[in-house]
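The opening position of the sequence shown corresponds to residue 1494 in our numbering, with each subsequent residue numbered one higher. Below is one structure; the comments refer to it alone.
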Amino acid sequence: MKKFEWLGQSLFNSYAQVFFSNNKWFGIILLGITFVDVYVGFFGLTAVLAALLTAYFIGLYEPNIRQGYYGFNALLVGVGLGIYFEPGLLLFVLVLIAGILTVFIAVTMEGVLGKYGLPYLSIPFILVFWMVRLATREFGELGLSERGVYVLNDLYLLGGRSLVDMYEWWNQLPMPLSFKAYFLSLGAIFFQSNVFAGVLAALGILIYSRIAFTLSLWGFYLAYVFYLLLGIPFSEVSFSYIGFNYILTAIALGGYFIIPSRSSYLGLIAIIPVVTILGIALQQVFSLIYLPIHSFPFNLATLTFLYALKFRVDNRIGLSTIFWQQNSPEKNLYSFSNFHKRFGEDSPVPIYLPFFGEWTVTQGHNGAYTHKDAWRYAWDFEIKDEQNKTFKDEGDFPTDYYCFDKNILAPADGTVEAVVNDIPDNPIGANNLEKNWGNTIIIKHADFLYSKLSHLKQGSILPKPGDKVKKGEVIGKCGNSGNSPYPHLHFQIQATPYIGSKTIDFRITDVWMRVTGEEKLMSAANPPMDAVVSTLMPENDLKKAFSFVVGNRLLFETQEGKRHEWEVKRDYSLNKYLECQQTGSKAYFKLDEAMLHFTHFEGDRKSLLYAFYLSAFKVSFGFTNGLKLKDRFPVHMVFNINTIFLQDFIAPFYQYLKGEFTLTYPEKNKGFSTKPLSLKGQVLKKSWGKTLAVSEFEFVLDGGGLRTFGFKNNKNQILATCIYDS
């Protein structure tokens, strides 16, 4: 039976995925809803099991099977056929075939739409359901269902008189027609035309996601008001058979495939009326061939909109698509906003300094000479000596300048868009105004995110348009070409791939700065004029303690003698993580030459790995005396569900909960390789600026690596010794 341990998780997720969730309890609630009609529930379950087993035995990617991606379309087909036709052996065989067929349609859609980065939603359900409905017109032995009058009997068999009374109470409860239509619309997703099923679905959505719940109401009532404005006769029953399209569209485009925000909520004001017109028009067309439209308007509108977003050259409306789907609008929002605050305001891609060593900002944003108006968000960098001079000797030749001919690096992974490499370097004091930008390279890092590096040395640019470059790769040499009287590097971020494009305000990640004598390491910064900046050179011993290599294992033993073993792994998407062998918990991280950042945690929050995730959230391998690192956690990673429940409702508009991280390096550090180094820090939970809880931690390490790790708060105190790291 261990071979099929995945089946339970896949089963519940198949139900929850109807609402884009992988919450087990939500799936259980939805499973119960389908059994309001026992036969509908049975055939829905049959179709899901047929689909999951088919996906498993033909060898599809198991994590996708576990997520329920291949089961939820089969579920909809099963409950749809179960409600339309009389139960019997023929229907059972038909549901099995339909469930299997749904998997193959889903895989096909995955291949076709996946090329464009689009989901296949419930298209497999629609296609298979239509095919079966058309085919069954020739099936003389398959009768249409007339079981609606027996619903109460089915409920009595499930839960006795109390369940029947609850069902009748909800259906007879006095409420506005719009309320009733909302609940009927939710129930109609599972072909259940009763308020009771809708109430259970609404409760499940609320448990799964507060944002999804508010979006379901927002989308429904936008369509309801638009119906009234159009003067369309309203019936709560007829409206419910198309109303769930507005609910699903609102959840999909307001908070699931797009980051929940003010813009996503406002955008639905335009999108939902479009879906309304689309739904009404499709009803007129499909009624001619006696086929229901079901979720077709939702699919068509959602896919069209998501596809259109891929052609944007500007995100002026503030709609950001998901870069790491966590099957929860709240988790997507908290992770996305946190990632941006840590690594860059406008993109999930961090941009780093494009050089080695210490350089000085000789002109920053809104510069004294250039960097004006639409081109104001740019930097000029040069190298200065201890006398604050940028050159040696008399400075009469480009080679006298310290920055001339120095390596220029790719500031992040990307694809080269444009290169100019043949402009001669100017004599000192001369400008080439005709070729203003001089030798230039433009690199695309993400949609609407390009870096431009200009005034490079003639012939020094190594990559060509279309080449892939990696962060830190040498791409050219600092020069003196274009409008450049003295050698320097011009660096800017822009939203379009053209030389001469307008700049955007985008902060640089992990910058060590010395400004007016004060030193600090910034997670993301806009270095000002005269700031000395660099990426700190890593200390080998410090890097050894926190550089986790895939395949390595770490073993810790606590004071109580309990052992915790972690293994460094990499998933299907090449994300690296530490996995606790005892609890199965995972702590995801990103690692480069100078920094360790933890990005996500899933699993047991009572585990040692969770405490380590909090404590090593950000570690610099290079440091200066007394360096203090600050960062912030995704809200859902540090607060429990009870504390965060109310925050979830207003999270797209304002976040009053905050989790703050501080790591302090020692003031003096001589003989680090032989003398242990202590790194101390705090984790603070805050609400409306008031501190709710403080946790303290300490790492002790030496030339051999990490030695001990301590973590304490008002609930527990942990001291763990690293026995081996291999």
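Here a beta-carbon is modelled for each residue, glycine too, at the ideal position from N, C-alpha and C. Being a predicted model, the structure only gives us computed values, none of them experimental.
Alpha carbon to alpha carbon, what distance is there between R1559 and W1499?
W1499 and R1559: Cα-Cα distance of roughly 6 Å.
Beta-carbon separation of V2176 and G2152 under 8 Å?
Yes, these two residues count as a Cβ contact at 8 Å.
If you measure between the beta carbons of Y1783 and W1711, is that distance less than 8 Å?
No, the Cβ-Cβ distance between Y1783 and W1711 is not below 8 Å.
Flag F1890 as yes if its beta-carbon sits less than 8 Å from any beta-carbon of chain C, otherwise no.
Absence of chain C from the displayed structure is noted, only one protein chain being present.
Would the beta-carbon of F1874 be found less than 7 Å away from any heavy atom of the ligand FMN?
Inclusion of the ligand FMN in the displayed structure is not the case, the ligand content being empty and no account of it being possible.
Give me the residue from V1588, V2004 and K2179 with the minimum Cα distance to F1849.
Nearest C-alpha to F1849: V2004.
Beta carbon of L1826, beta carbon of A2144: below 8 Å?
The answer is yes: Cβ separation under 8 Å.
Can you have a look at R1630 and say buried or exposed, based on whether 16 or more other CB atoms are within 10 angstroms of its CB?
Burial call: exposed.
Below 8 Å CB to CB, which residues in the same chain sit around Q1951 once its five sequence neighbours on both sides are set aside?
Correct list, in chain order: N1914, D1915, I1916, P1917, D1918, N1932, G1972 and S1974.
Suppose contacts are defined by Cβ-Cβ distances below 8 Å. Is L1708 in contact with A1674 by that definition?
In this structure, A1674 does not lie closer than 8 Å to L1708 by Cβ.
Please go through the same chain and pick out, in chain order, the residues whose beta-carbon is closer than 6 Å to the beta-carbon of K1928, but skip the five residues on each side of it.
I1916 and G1975, listed in sequence order.
What does W1852 pair with, by DSSP beta-bridge criteria?
W1852 is bridged to V2026.
Pick out whichever of L2089, I1740, F2114 and M2130 has its Cα sitting closest to the Cα of A2104.
The shortest C-alpha separation from A2104 is found at M2130.
Could you check the C-alpha separation between V1642 and I1551 for me, to the nearest Å?
At V1642, the pLDDT of 44 sits below 50, so the modelled position is not reliable and the matter cannot be decided from this model.
Between the Cα of T2136 and those of P1785, L2156 and W2181, spot the shortest distance and give me the residue it belongs to.
The shortest C-alpha separation from T2136 is found at W2181.
In the DSSP assignment, what residue or residues form a beta bridge with F2082?
Paired residues: K2069 and F2091.
Can you tell me whether A1867 is buried or exposed? The criterion is at least 16 other CB atoms within 10 Å of its CB, across all chains shown.
Flag for A1867 reads exposed.
Rounded to whole angstroms, what's the CA-CA distance from V2061 to K2111? Just pull it up for me.
Each residue's Cα considered, the two are about 17 Å apart.
Between T1892, A1911 and Y1749, which lies nearest to Q1818 when the distance is taken from Cα to Cα?
Selected option, being the one with the closest Cα: Y1749.
Spatial neighbours of Y2217 within its chain, please: CB distance less than 8 Å, with the 5 preceding and 5 following residues excluded, ordered by chain position.
Only R2046, L2047 and L2048 meet the Cβ criterion.
Please determine, among C2215, I1619 and F1513, the residue with the shortest C-alpha to C-alpha distance to A2038.
The shortest C-alpha separation from A2038 is found at C2215.
Quick one: what does DSSP say V1806 is sitting in, helix, strand or coil?
If DSSP states are grouped into helix, strand and coil, V1806 belongs with coil.
So does the segment 2000-2019 actually touch the segment 2116-2129, counting three or more Cβ pairs closer than 8 Å?
As far as the Cβ criterion goes, the segment 2000-2019 touches the segment 2116-2129, which means the pair count is three or higher.
Please check the pair A1794 and V1768, which I expect to be a contact at CB under 8 Å, by giving their CB distance rounded to whole angstroms.
Contact flag correct, Cβ pair sits at about 5 Å.
For R1755, does the three-state DSSP call read helix, strand or coil?
R1755: helix per DSSP, three-state reduction.
The alpha helix (DSSP H) spanning M1624 covers which residue range?
Its alpha helix (DSSP H) spans residues I1616 to A1628.
Is H1858 helix, strand or coil by DSSP?
Coil at H1858, not helix or strand.
Counting along the chain, where does the alpha helix (DSSP H) carrying L1708 start and finish?
Unbroken alpha helix (DSSP H) run through L1708: R1703 to L1723.
If we count the other Cβ atoms within 10 Å of its Cβ and call it buried at 16 or more, is V1586 buried or exposed?
So V1586 ends up on the exposed side.
Quick check on G1907: does DSSP put it in helix, strand or coil?
Correct three-state label for G1907: strand.
Taking the beta carbon of T2009 as the centre, do at least 16 other beta carbons fall within 10 Å, making it buried, or is it exposed?
With fewer than 16 other Cβ atoms within 10 Å, it is exposed.
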